[in-house]
Amino acid sequence: MERIVVASASQGGAVLDQKVTLRRSATRSHTGGGWLDSRHSFSFARHQDPMNTHFGRLLVNNDDRIAPGSGFDTHGHRDMEIVTWVLSGSLVHQDSEGHNGIIYPGLAQRMSAGSGILHSERNDAWRDGSIQDPEIPAEPVHLVQMWVVPDSTGGDPGYEQREIDPGELEDHLAVVAGGLRSHADRAAIRIRNSTSALLASRLQPGRSVQLPDAPYLHLYVPVGSVDLEGEGELATGDAARLTATGGRRVTAGVDGAEILVWEMHAGMTMLDVRGH
């Protein structure tokens with residue numbers, strides 16, 4: 039098996055064996071009941087697995103559904119780049135730095151926690167009054183929230199959001215959030231991580247895209263199903279972790295798909311993970 043040396047966030051280099059690991063939806067930990075239904079791709083909150091703490095620079099990949107009129111009350115973060123991608127519905131963001139925004143499908147949003155920030159996230163459905171009308175069902179918000187480790191700790195908190203042209207997403211991999219120099223002219227929003235980028239695509243049935251070539255790739259399917267070249271079908275909620283095996287094609291199933299891809303050119307040690 040080929041062995042590839044790549045940069046590491048904590049060491050001069052890391053030797054990687056080519057590998058693809060499929061993570062099925064049913065194997066993810068689950069937080070549910072009441073207003074929140076959340077599926078966790080990695081260790082999160084009370085769900086801890088020392089063998090599943092991260093992949094590359096990605097620590098959190100939570101697939102959340104939040105009921106109308108509810109959400110996460112004010113809570114804190116630090117030293118983390120937090121990217122939120124809404125698939126349906128809308129989410130209201132407010133934070134202690136005075137940033138306010140409504141996040142909806144096709145809008146890229148990033149919060150840099152820096153030295154510390156407080157924020158809340160709530161389902162926006164109550165704003166139009168529909169939750170009061172039993173004839174008009176209020177819509178849950180479906181989103182994926184992802185956390186990556188920044189290049190350095192501390193610094194001022196930050197916030198950015200920007201809408202992406204739907205044409206850039208349809209049957210193409212659009213750069214949603216990026217810190218890579220190679221994506222400087224393509225990234226909708228910037229993150230404080232110079233080795234990673236989030237890409238997204240809305241694939242029509244039978245259409246395909248080619249994954250980038252990177253030491254670490256995390257492919258997640260929040261909607262629909264795809265065929266991953268050489269590995270077979272990934273259904274809704276499934277993920278693939280590709281180590282030193284980029285460049286494969288992803289083809290949408292009969293109902294199409296939406297995919298999220300983290301392209302990462304560095305990893306980290308367990309010490310890095312414990313530090314966050």
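According to my numbering, the sequence shown is numbered sequentially starting from 39. Just so you know, even glycine gets a beta-carbon here, dropped at the ideal spot from N, CA and C.
Original post:
Comparing alpha-carbon positions, which option in A64, D101, V121 and P88 lies nearest L74?
Top reply: Residue numbering aside, residue 74 sits at position 36 when the sequence shown is read from its first letter. For L74, the nearest C-alpha among the options comes from D101.
Original post:
In angstroms, rounded to a whole number, what distance separates the CA positions of S266 and T69?
Top reply: Here residue 266 refers to the residue found at position 228 when the sequence shown is read from its first residue. Here residue 69 refers to the residue found at position 31 when the sequence shown is read from its first residue. Before going on, a small fix: residue 266 reads as Leu here, not Ser. Taking the straight line joining both Cα atoms gives about 28 Å.
Original post:
Can you give the beta carbon distance from S316 to M302, rounded, assuming they're within the 8 Å contact cut?
Top reply: No information on residue 316 is available, as it lies outside the stretch 39 to 314 that the chain covers here.
Original post:
Rounded to a whole number of angstroms, what is the C-alpha to C-alpha distance between L241 and V213?
Top reply: The residue given as residue 241 occupies position 203 in the sequence shown. The residue given as residue 213 occupies position 175 in the sequence shown. In this structure, the CA atom of L241 is about 15 Å from the CA atom of V213.
Original post:
Using the beta-carbon count (16 or more within 10 Å), is A83 buried or exposed?
Top reply: What you label residue 83 is simply residue 45 of the sequence shown in a count that begins at 1. Exposed.
Original post:
Looking at C-beta atoms only, is the number of pairs between the segment 60-68 and the segment 269-288 that lie closer than 8 Å three or more?
Top reply: yes
Original post:
Run through DSSP, which three-state label would I169 get?
Top reply: The residue labelled residue 169 in the question sits at position 131 within the sequence shown. For I169, the pLDDT reaches just 47, beneath the cut-off of 50, and the residue's location in the model is therefore unreliable, although a value from the coordinates is still provided. Residue state, collapsed to three classes: helix.
Subject >> Boundaries (first-last residue) of the alpha helix (DSSP H) holding E208 >> reply: Reading the sequence shown from its first residue, position 170 is the one you call residue 208. From DSSP, E208 is part of no alpha helix (DSSP H); its letter is neither H nor E.
Original post:
If you draw a straight line from the alpha carbon of G127 to that of A176, how long is it in whole angstroms?
Top reply: Here residue 127 refers to the residue found at position 89 of the sequence shown. Here residue 176 refers to the residue found at position 138 of the sequence shown. Each residue's Cα considered, the two are about 9 Å apart.
Subject >> Of the listed residues E201, E269, L280 and A282, nearest to T289 (C-alpha basis) >> reply: Here residue 289 refers to the residue found at position 251 when the sequence shown is read from its first residue. Nearest option by C-alpha distance: E269.
**OP:** Would you decide whether R116 is buried or exposed? Buried here means 16 or more other CB atoms lie within 10 Å of its CB.
**Re:** Stepping through the sequence shown from its first residue, residue 116 is reached at position 78. Exposed, since its Cβ has fewer than 16 Cβ neighbours within 10 Å.
**OP:** Return the chain-ordered list of same chain residues with a C-beta closer than 6 Å to the C-beta of D216, the five sequence neighbours on each side being excluded.
**Re:** On the sequence shown, position 178 is the one that residue 216 refers to. According to the sequence provided, residue 216 is Gly. The question's Asp does not apply to it. So the qualifying residues of the chain are A225 and A235.
Original post:
Closest by CA to N138, which one among G144, P250, D162 and D209?
Top reply: Numbered from its first residue, the sequence shown carries residue 138 at position 100. Checking every option, the nearest Cα to that of N138 belongs to D162.
**OP:** Return the residue from the list A238, F80, R219 and M149 that minimises the CA-CA distance to G136.
**Re:** By 1-based counting over the sequence shown, the position of residue 136 is 98. Selected option, being the one with the closest Cα: M149.
Original post:
Buried or exposed: A252, going by 16 or more other Cβ atoms within 10 Å of its Cβ?
Top reply: The residue given as residue 252 occupies position 214 in the sequence shown. Buried, since its Cβ has 16 or more Cβ neighbours within 10 Å.
Subject >> 6 Å Cβ shell around H85 - same chain, five flanking residues per side excluded >> reply: Reading the sequence shown from its first residue, position 47 is the one you call residue 85. Correct list, in chain order: S67 and H78.
Original post:
Helix, strand or coil for A278 per DSSP?
Top reply: Here residue 278 refers to the residue found at position 240 of the sequence shown. Three-state result, A278: strand.
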